[in-house]
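One structure is given below, encoded as structure tokens.
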Ligand SMILES: Nc1ncnc2c1ncn2[C@@H]1O[C@H](COP(=O)(O)OP(=O)(O)O)[C@@H](O)[C@H]1O
Ligand SMILES: [Mg+2]
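Protein chains in written order, with this note's numbering: chain A, 1 to 82; chain B, 1001 to 1082; chain C, 2001 to 2221; chain D, 3001 to 3734.
Here it is as structure tokens:
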């Protein structure tokens, strides 16, 4: 089963990369771009066949390693379709 | 209008981060995890009101700055709903 | 003093800090990250470098390595811990210190001398410095921008946990409150971005860093 | 069932041309093989016979360089050069280009350049202790320049910082000739014991051939041929060949190799650089005069369904090939596995002098080794010498700006502005032995645990090389010699990275021949032999060549590091002397270019090698005697800029009491140094100069917060510093 995890900074946490991207876009002449935030996306294959199990395991992976929950939120998507 | 851009490494391009994450997950006892790939996610607000225009501009931003098209692919999602 | 320097794959200041510890008179054991046994020691040192390539988040994978469970347990029983640069990042990732180290404000790696103010001197690491003394110690990092929520920052201030700040106008990374290094409430766990081991002898430009190791030697032996 | 095999591809003249081989070269291959090569064999020949691997245009001229000396342990021909620095210690070093990949993808191109040169050094048993780089970018206002600068600098830092080797120096120029073809030259210096040096030669029929490091992917296939092909605007299509560096894995590979090297299990070792598995196995087997049999089914692959052709030509990074003592495989495997690296026995040595490659049970290539390794034709390409240019007469020129304004323009211009923006992104202090990092003349790196230091520098002045290749070649070596001498260290040997345009054009080939002629003469006169190097040709875009850029990496040693002197004024009240005569040579000077805006070419300042040597010997002796408290060589921007550079770091000014015209202050006459002498050392210094017949002149006194020339100029150091420090951050946007 394939899964994708989206990790984004919590509201209120400063995002220097996002700010820098926003400035750079402005300098390149792209106007009207605001609130740029950069996050991570992690794609992986899981041996699991049960979606609920998979989701539980992914949550544990996020809590333990993939996200720093002091500053980051995560969202899990299972692409069961495939 | 809000938009999210997903940027991932092209197939075949070495992803040392993904590999390191895969190893670390294994060491933490998470088994059956494979093909871990790390990508980026960029969220932003656009002043545009026309979806087609917005998409064109976002494409230009990706080509010019956000993605390194030598090694990365990008995917644009418009969250017009909001 | 017996000091254990924890070596993660990708650590690269392990030898540098061992040299300084030995020069201060300590007996140093290099401990490989995969080990679960930690020798008995008075000080545990998490050195600078790029543990696990700094992949995912700096320090995140090192914080989850087997030896860190032992380090956290020992810290809980009062063994002193010093985390320098990447070691500081590991300390925040494993929860021994609060907050996180985000990417530098200008997004570039920065390696240069910085002027620091010593803000806390009642710790085993800093008692040889004078209160509010200005010292010069180099930084070398890409993620040294200390961030914590307001409540945590207030607590750090209230409990006198800020050990070093960058002198006014010399903050190289955008850190909140100009924080360069913090301790836990007891002062026995210190995490700092600047590298005292890089300025611990005159030939390398100065000796301000040497006193940190001398302090530890006096108090932890 | 069998899938269509790549070797079923018919060999057509078009395919031969696509592989960068001429019809004549193809005929030679057929003759060597005794039959037509198949597709895989054609690929292997094409990379081994590429300009990059075979040096077919340059070999004839490289042979003329001096490569010997009592200090030389290993000259050109191995992965890196080795010199003796006394007490059983050896310095191992080399410089290499990664120009084309860095133009296509600046971060990864530069990063993998650094990774590659470090592997060259640590395969020889050395621990890398310092990195340097020589960079050339297009005009500052060219649309691609900032993007390329940012990417290259962070790529170099990203790799070197992570692996934990300090980047201690380098150089940067900007010129329109590099607009479409930047130069990224990386140098690595390592240390080993003289009795623990490892070579590439593979010996012992039956010995196992072992692959270690990262897995093989389809990275950079045809990178080696690409590096030898001219760019055109369609080169965007070559993009998928970009390799991605993984410094973390390289760090593990370094540690694992060092661990294995402490035993005697290794017979020969070679990194997989350009042309990967192919060139490493061919070179090892050829050097040991044996044959090799490779079983590609054993090669650790990252991707599925890779063809033998792809595996042989892949340039995936962070891989090594070794030949082990038979029976030591398990011990070696344990080490590499412990470091989390792939380890596989992929073949064995044979007595056939052939390279035989097996894949999926079939022999897919069977080729004679000698012709692969050194059968490529050696070309004596037609070359026409660059015509001599007249000198520029300083007296005949009126100066548009006064001295102070001229000084500010130069110190705040692209060539002389502070490179702090760059070097602060490099970890220059890790390993705890950097005595002098970026910003001085030569960097000084202590030999760990001793009282000795290495002195390291990279130098070349391309505009001199363009105007007069012979003088330019001499000057590049002389400037490296001077930078090392100015610290008090003894210059020992050089490496080089020879970046030129298309050698098939006689005037470009003439530049190459001229520069090498000049380099050779200087190396001989200064006892400064060449121990390693690299050639990068075809650096041009749409028919426009770069300036000839033979970058020199110089290495010296200081036996007692307490004797080292810096390049900045450290005290007030010192007498400042200039060593060497000043005639006011403005030809090819920065002043002529940036202040006088002269665009008619003129002769560069001549180099007098005998004087160069006498001045170097004198400066070192006086530093050794403790008479000199700081020393700086005079180069770009002439005397006045050199003085300003000595004032700025510690904000100690200088009052100059002599007068001169613009030629005097900004001329770039060679062989000169500025030194500061304490009052009580002046008599001894002057006496020694008289005895050595070295021309010296006292020009002023240090002190104050200004740089002044009596009756001519007063300018505050703050003002100079502002111009000097602001240029780069402004260019880069912060
Ligand atoms: N790309 C670079 N990386 C690191 N240091 C650099 C780089 N470019 C220049 N520097 C440093 O800046 C200083 C001035 O450089 P340069 O003007 O080329 O010196 P010089 O004229 O003495 O050869 C030197 O110390 C050099 O090492
Ligand atoms: Mg110089």
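We put the beta carbon where it would ideally sit given N, CA and C, even for glycine.
Checklist entry - Taking DSSP as the reference, what is the three-state secondary structure of residue 2196 (chain C)? => result helix
Item to check | residue 2186 (chain C) versus residue 2099 (chain C): straight-line alpha-carbon distance, rounded | outcome: 17 Å
Item to check | Within chain B, partners of residue 3770 (chain D) - CB distance below 7 Å | outcome: Within the shown structure, residues of chain D are numbered from 3001 to 3734, placing residue 3770 (chain D) beyond reach of any answer.
Checklist entry - What does residue 1068 (chain B) pair with, by DSSP beta-bridge criteria? => result Bridge partners of residue 1068 (chain B): none, in fact.
Next on the checklist: So, at 8 Å on beta carbons, what are the nonlocal neighbours of residue 3437 (chain D) in its own chain, with the 5 sequence-adjacent residues on each side left out?
Outcome noted: 3166, 3168, 3169, 3423, 3428, 3429 and 3443
Next on the checklist: Any beta carbon of chain C sitting closer than 8 Å to that of residue 3424 (chain D)?
Outcome noted: yes
Item to check | Cα-Cα separation, residue 3238 (chain D) to residue 3103 (chain D) | outcome: With a pLDDT of only 37 at residue 3238 (chain D), under 50, the local geometry of the prediction cannot be trusted, and the value read off the model is given with reservation. Those two C-alpha atoms are separated by around 12 Å.
Next on the checklist: Below 8 Å on the Cβ atoms is my contact criterion, and I expect residue 3604 (chain D) with residue 3475 (chain D) to pass it. Report the Cβ-Cβ distance as a whole number of Å.
Outcome noted: 7 Å
Checklist entry - Exposed or buried, what is residue 3263 (chain D) when buried is set at 16 or more other beta-carbons lying within 10 Å of its beta-carbon? => result exposed
Next on the checklist: Give me, in chain order, the residues of the same chain whose beta-carbon lies closer than 6 Å to that of residue 3545 (chain D); leave out the 5 immediate sequence neighbours on both sides.
Outcome noted: 3501 and 3508
Item to check | Member of D:3527, D:3595, D:3488 and D:3664 whose CA lies at the smallest distance from the CA of residue 3620 (chain D) | outcome: D:3488
Checklist entry - Which residues bound the alpha helix (DSSP H) around residue 3146 (chain D)? => result 3145 to 3163
Checklist entry - If residue 3182 (chain D) sits next to residue 3132 (chain D), beta carbons under 8 Å apart, how far is it from one beta carbon to the other, in whole angstroms? => result Not confirmed; about 17 Å, so no contact.
Checklist entry - When the Cα atoms are used, what is the spatial distance from residue 3114 (chain D) to residue 3155 (chain D)? => result 9 Å
Item to check | Three-state secondary structure (DSSP) of residue 3307 (chain D) | outcome: coil
Item to check | Limits of the beta strand (DSSP E) - the one that residue 3362 (chain D) falls within | outcome: 3362 to 3368
Item to check | Identity of the residues DSSP links to residue 2032 (chain C) by a beta bridge | outcome: C:2007
Item to check | C-alpha gap between residue 3566 (chain D) and residue 3622 (chain D), whole angstroms | outcome: 14 Å
Item to check | Uninterrupted alpha helix (DSSP H) stretches inside the segment 27 to 77 of chain A (no shorter than 4 residues) | outcome: 51 to 61
Checklist entry - Whose C-alpha, out of D:3497, D:3679, D:3625 and D:3192, is nearest the C-alpha of residue 3553 (chain D)? => result D:3497
Next on the checklist: Between residue 3663 (chain D) and residue 3394 (chain D), how many whole angstroms is the CB-CB distance? I'm expecting something under 8 Å.
Outcome noted: 3 Å
Next on the checklist: Give me the chain C residues within the contact set of residue 1028 (chain B), using Cβ-Cβ distance strictly less than 7 Å, ordered along the chain.
Outcome noted: 2064
Checklist entry - Where does residue 3333 (chain D) fall in DSSP's three states? => result helix
Checklist entry - In the DSSP assignment, what residue or residues form a beta bridge with residue 3683 (chain D)? => result DSSP, once it has assigned bridges, lists no residue as partnering residue 3683 (chain D).
Checklist entry - So is residue 1067 (chain B) in contact with chain D if we call contact Cβ pairs under 8 Å? => result no
Item to check | Three-state secondary structure assigned by DSSP to residue 3469 (chain D) | outcome: helix
Item to check | Spatially closest choice to residue 3027 (chain D) from D:3377, D:3726, D:3065 and D:3249, by CA coordinates | outcome: D:3377
Next on the checklist: For the pair the segment 2054 to 2061 of chain C and the segment 2088 to 2097 of chain C, tell me if three or more CB-CB distances fall below 8 Å.
Outcome noted: yes
Checklist entry - Looking at the unbroken beta strand (DSSP E) that takes in residue 2046 (chain C), where does it start and where does it end? => result 2043 to 2046
Item to check | Run of the beta strand (DSSP E) containing residue 3359 (chain D), from where it starts to where it stops | outcome: 3354 to 3359
Next on the checklist: Please identify, using Cβ separations under 9 Å, the residues of the segment 1019 to 1051 of chain B that lie next to chain A, in order along the chain.
Outcome noted: 1021, 1022, 1024, 1025, 1028, 1030, 1031, 1032, 1033, 1034, 1035, 1036, 1037, 1038, 1039, 1040, 1041, 1042, 1043, 1044, 1045, 1046, 1047 and 1048
Checklist entry - Going by beta carbon distance, what residues of the same chain come within less than 6 Å of residue 3353 (chain D), once the five residues before and after it are set aside? => result 3291 and 3369
Checklist entry - So is residue 3317 (chain D) buried or exposed if we call it buried at 16+ other beta carbons inside 10 Å? => result buried
Next on the checklist: Going by DSSP in three states, residue 3494 (chain D) sits in which element: helix, strand or coil?
Outcome noted: strand
Checklist entry - Do residue 3245 (chain D) and residue 3130 (chain D) have their CB atoms nearer than 8 Å? => result no
Checklist entry - Of the residues that make up the segment 2033 to 2054 of chain C, which ones have a beta carbon closer than 9 Å to any beta carbon in chain A? => result none
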